[in-house]
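The block underneath contains the structure these notes are about, expressed in structure tokens.
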């Protein structure tokens with residue numbers, strides 16, 4: 008069974024900096040699949056556009072959105 012997470016949580020999980028809040032989410036998610044709602048994907052893309060991300064960063068974001076997250080909420 009998967010777990011649906013919101014935009015803020017997936018943003019935190021994408022950030023590789025150490026954070027106790029993020030580690031707690033990773034523990035709660037455990038080995039379950041991470042599922043993203045359509046609106047969360049759109050919010051991530053919109054945020055990248057508003058922040059003026061270059062093509063390389065946007066491609067990295069798209070890869071992270073598309074990759075399976077089973078067993079590793081990263």
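In my numbering, the protein residues as written are 8 to 81.
Backbone N, C-alpha and C fix where the C-beta goes; we use that ideal spot for every residue, glycine too.
{"query": "Residue 59 versus residue 51: straight-line alpha-carbon distance, rounded", "result": "13 Å"}
{"query": "DSSP-derived helix/strand/coil call for residue 9", "result": "strand"}
{"query": "Continuous alpha helix (DSSP H) stretch holding residue 40: start and end", "result": "Here residue 40 belongs to no alpha helix (DSSP H); instead the beta strand (DSSP E) covers 40-43."}
{"query": "Chain-order list of residues whose beta-carbon lies under 8 Å from that of residue 32 (same chain, five-residue window excluded)", "result": "12, 16, 19, 20 and 80"}
{"query": "Cβ-based neighbour list, residue 26, same chain, cut-off 8 Å, excluding 5 preceding and 5 following", "result": "19"}
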